[in-house]
Amino acid sequence: MSPPAKQGGLDWRGLLRAGLHDLRLTPDQFWALTPAELAVMMGLEAAPVPMTRDRLASLSQRYPDNPAAVPADAGLGEDNADG
């Protein structure tokens, strides 16, 4: 059994297992990858920031589906009934 990885260090054993076993890469293919390429292949790319209620209200007010039907003082974003 190998010693645990240092705090903040890379988990080389886990990365190698993911690359060689899970992704079925050859060693040459694995070592030729950049960290960004390996992260994408492993599905670790950063997730987009979810939209907030305030941001949705702001966008809805700026870009209404039917501009003529939305009064200027519609009060978008003030309904907090569900959260």
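Residue 15 in full-length UniProt numbering sits at position 15 of the sequence shown, with consecutive numbering throughout. Every residue gets a Cβ at the ideal spot worked out from N, C-alpha and C, and that includes glycine.
CB of residue i within 8 Å of CB of residue j, strictly
i	j	result
G19	L38	yes
M41	L23	yes
Three-state secondary structure assigned by DSSP to residue i
i	result
M51	coil
D65	coil
G83	Any answer about G83 is weak, because its pLDDT of 44 lies below 50 and its placement is not dependable; what the coordinates show is given next. Reduced to three states, the DSSP call for G83 is coil.
A46	coil
G9	coil
L23	coil
Span of the alpha helix (DSSP H), counted from its first residue to its last, around residue i
i	result
D28	27-32
L38	35-41
R13	12-16
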